[in-house]
Structures are given as C-alpha cells and as structure tokens.
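Report on the following structure.
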Amino acid sequence: MQQILTLQAKDGMTLAKDVMTSEGRVLCGKGTLLTAALIERFLKMDIVQVTVDGHPVSVPGEKSLQEELLEIEERFSEVKSVPPLMYLKKRLMKKLVDSQGG
Amino acid sequence: MEDARRQEFRTALRQTKNLPTLPGIVAKLSRMAEDPDTTTEQMGKVISQDYILAAKLLKLVNSAFYGFPQRISSISSAIILLGFNVVKSLIISASIFEVMEDQDVELWQHSLGCAVACNVIASRLGVKDPEEVSTAGLIHDIGKMAIKMELPEEYGMINRLMQERGVSMRQAELEVLGLDHAEAGGWLAKGWNLPAKLIEPVTCHHDPRKAHDAQLTSSIIHFGDIMIRALGYGHAGDNKVPMLSKRAWEFLNFSPEDIDEVLELVEEKLWDVKGFSLEVKADDSTHAGD
C-alpha cells in the first residue's frame, strides 16, 4: 500500500485504509474502489491524504524494488545461519515484492 | 582497557549531567501506588495537576500506538479501565517520548517501532499488561542516547570504528568504552528511579539469560529489536539484524504462522503510528483536567 495525496488519487484505485473525517468517523471503508466523484468529495472535505493498494505513484528519489531487496540482504548478512531469522527475511522480501507489484 | 578509564566513563554516564530528568511526578505516583490507601481519585488528581502531561497521556492512550478499543476521555477513567500499572507505564512513556524525540530522530523511530513490535509480541504471548513491555521496548536503547550526550568524544570514536571496520555499534562501544549501551541504559533507568521490571530488560536486551526476574520481557525486547531492524524502520546506529538469543527464542517459541501474523500486525501498526508525535496544541490540553 501507499499513502498518496488525494490530488494524486485516480479513479480505479482501491482504498487500503479507511478514510476518516476530522472527528474520527469512517467516511469511506477500506477496499472501496475510488471514483472521480468520491475523490472530488474528499477534496471538498479537506482530506489531504489517502492510502491505496499497490504502489501507483512513483516518488522521485524513492528506492527501487531491487535496492530495497539488496538492503534486506545486507541487514541479514551476519545471521545467515539462523533459521527463524532466515524465514523472517524470506517473508519480508515476499511482502515487499507483493506490495510493489499489486 | 585499564579499570580507571572504564570507571571514569561509568561515573560520567551515571551523573548524566547533560541528560534531562524525568518529571518528579513519576516518582511521586510510584510512591502513591505502593500505598494501599491511595484512591483512584487521588491519583487522577495528581496527574491532572500537570495538565500538559495529562493531555499527552490522553493523546497517547487514544493513539494507534496502543490502540485501546474504546475512547478514553479522562485520567480517572484511564486508571479505572486500564489499571494503575498501565497508566504508570504510559506516563513514563509520555515523559521519555519527549526526551528522546528531541535528541535523535532516527534512534527515536527505531525505539518507537520497537515499542510497537513489543506490544504485538507480548499480546500474542498473552502477557498481562503488554503496555508495560511496550514501555520497556521504547526505552531499550536509552543507553545510546546517554553515550552520545555524556561522552561526545568517545561517541565520535565509536562511529569512526564502525565505519572503518564495519563492526556493530555494540562491538564498537565495547572496544572504546569497555561497556555497551545496554549497561549504560540500565544505569540511566536506575537513575530515573524506574521500576526494576523496566531496568532489567534494558540491561539484558542483548542477552536475556542475564536477567533474573524479567527474562520473558527481555526476550520480547530482544526479538522486537530484531524485527524492527529487519524491517529497516528508523536507525539504531548500524543496520545489522543482531544474532538471535537461543534463550529468547525458547521463550517465544514462534511457529512460522506466528511470525507471519506478528509481522502483519506490526507493519499495520507502524503504518498507523507514522508521523505520531506527542506535541500537544494549546487547545488539546483544555479537556485534559478531570
């Protein structure tokens, strides 16, 4: 998932988190498919950011998937003989690949 | 390392001239809690007198950081609903939040993330009052902050050693000072008069076998630290995932499914606490009094 500016939202994107009003009421639930009308309404209500599925907006200076995977390798470089930690590493890499691809 | 020098570092770290102290209210509340005649109202009153602290406490209680199911709007209902022990660790957290947030943002993020992970792991293990474990997670690296503030010259040497030889921060600390941040953090926690069950996990988070009474909490912090480093959240001096303590793993005894579910929850909570700060605006504090 990715947090983006409501201005960057496009119809067809799916909400990965509930959109809340400033009073903490759920305005629009997680899983909702965004439409132009809905985005317009968020903007009118001063909702500046939304969280959506996948990684639809590329941010300049952001690390690429490959760079992120290499960083994970590096972090785990001294514990390669520890099975539970290697399992943790495998899961982290899979989650990262899934989240960027989705 | 000659003993005299090591003693010198010890003294400097114990005196903590440059480090802020915790508000006196923490010690006062601890004393009150030990007195069986103290009532919830009396305790609530003492907390509410410090209205900024009270406002911060309520903000923390109602944040995604803890995620209590119901909204809590007053200090006395917080004490009734959560129990005094939880409120006390929340006060310690709220006070330390401020101290750490100002010192080192990256270390602060690592600590906050570790606190989140500890809360999830403790809940998974069915520990009573996971908030207490969370507070221990929040402060587990205060020794790093103490070394940076009290021994700036040696701190520079530690960083150079890490760069030149690629060793972990802890290894570099041991070589330069003859002691590590876990030991230094334990002294600081003691100096702040924190309860023993918070001091031990700080001192023993790299080796839970050394703990006498708090082996389980120390083991949770140990793995919380590993998880948050694995996720690359914040920065704790070096970027390496430390070796897993066998004893800690015996306590946790997590299956692959446990790891999956804990990881999922930790990531979700981290997402929710993103950008969380305890800064209170003037208008937040108006509802804090009881």
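Order-wise, the sequence lines are chains D and X.
Going by the numbering used here, the first residue of the first sequence is number -13, and it counts up by one from there.
Going by the numbering used here, the first residue of the second sequence is number -14, and it counts up by one from there.
Ideal Cβ placement from N, Cα and C applies to all residues, glycine included.
For clarity, every value in this text was computed on a predicted model and none was experimentally measured.
Mind checking who residue i pairs with in its DSSP beta bridge?
| i | result |
| --- | --- |
| M6/D | V12/D |
| A181/X | DSSP output for A181/X lists no bridge partner at all. |
| V38/D | Q(-12)/D and L1/D |
| D223/X | A221/X |
Rounded to whole angstroms, how far is the Cβ of residue i from the Cβ of residue j, which I believe are closer than 8 Å?
| i | j | result |
| --- | --- | --- |
| L173/X | A221/X | Contact flag wrong, Cβ pair sits at about 16 Å. |
| F208/X | I106/X | 6 Å |
| M154/X | D89/X | Not confirmed; about 13 Å, so no contact. |
| L179/X | I77/X | 7 Å |
| S80/X | D126/X | Not confirmed; about 16 Å, so no contact. |
| T120/X | L183/X | 6 Å |
| V65/D | M147/X | The pair is not a contact, with the Cβ atoms about 18 Å apart (cut-off 8 Å). |
| V36/D | I(-10)/D | 6 Å |
| G219/X | E57/D | Actually they do not touch by this definition, with Cβ atoms about 14 Å apart. |
| E116/X | S74/X | 5 Å |
| P42/D | W234/X | P42/D to W234/X, Cβ: 39 Å. No contact. |
| D114/X | V71/X | 6 Å |
| E168/X | G128/X | 7 Å |
| A2/D | V38/D | 5 Å |
| I32/X | V46/X | That belief does not hold up - the Cβ atoms of I32/X and V46/X are roughly 12 Å apart, past 8 Å. |
Straight-line CA distance for residue i to residue j?
| i | j | result |
| --- | --- | --- |
| A196/X | E138/X | 31 Å |
| M(-13)/D | L255/X | 13 Å |
| G17/D | L92/X | 34 Å |
| D245/X | R77/D | 7 Å |
| T23/X | M17/X | 6 Å |
| V84/X | V152/X | 28 Å |
| F277/X | D35/X | The first residue shown for chain X is -14 and the last is 275, placing residue 277/X beyond what the model contains. |
| V11/X | W177/X | 9 Å |
| I143/X | K225/X | 16 Å |
| H272/X | E9/D | Only weak support exists for where H272/X lies, its pLDDT of 46 falling under 50; the value from the coordinates is given anyway. Each residue's Cα considered, the two are about 15 Å apart. |
| D4/D | Q(-6)/D | 17 Å |
| R232/X | V251/X | 23 Å |
| S61/X | T25/X | 7 Å |
| C14/D | G(-2)/D | 15 Å |
| G43/X | G29/X | Correcting the residue type first, residue 43/X is Leu in the shown sequence and not Gly. Approximately 12 Å between the Cα atoms of the pair. |
| L20/D | T0/D | 6 Å |
| I277/X | Q86/D | Examination of residue 277/X is not possible in this model, given that chain X is present from -14 through 275 alone. |
| E160/X | A215/X | 25 Å |
Consult DSSP for residue i and reduce its assignment to one of helix, strand or coil.
| i | result |
| --- | --- |
| I(-10)/D | strand |
| L43/X | helix |
| D84/D | helix |
| Q156/X | helix |
| D210/X | helix |
| L19/D | strand |
| S270/X | Only weak support is given to the placement of S270/X: the predicted model assigns it a pLDDT of 43, under 50, and the value that follows is read from those uncertain coordinates. Reduced to three states, the DSSP call for S270/X is helix. |
| S63/D | coil |
| K133/X | helix |
| P115/X | helix |
| D87/X | helix |
| I244/X | helix |
| H166/X | helix |
| N238/X | coil |
| A174/X | helix |
| K76/D | helix |
| I77/X | helix |
Interface positions of the region 187 to 203 of chain X facing chain D (Cβ-Cβ less than 7 Å), listed along the chain: none
Interface positions of the region 214 to 247 of chain X facing chain D (Cβ-Cβ less than 8 Å), listed along the chain: R214, A215, L216, G217, N224, K225, V226, P227, M228, L229, W234, F239, P241, I244 and D245
Taking any Cβ of chain X, which residues in the region 66 to 84 of chain D have a Cβ under 8 Å from it, in chain order? When CB distances to chain X are screened at a threshold of 8 Å, the residues of the region 66 to 84 of chain D falling below it are V68, P70, L71, Y73, L74, K75, R77, L78 and K81, in chain order.
Against chain X, which members of the region 40 to 65 of chain D pass a CB distance test of less than 9 Å? E54, E57, I58, E60, R61, F62, S63, E64 and V65
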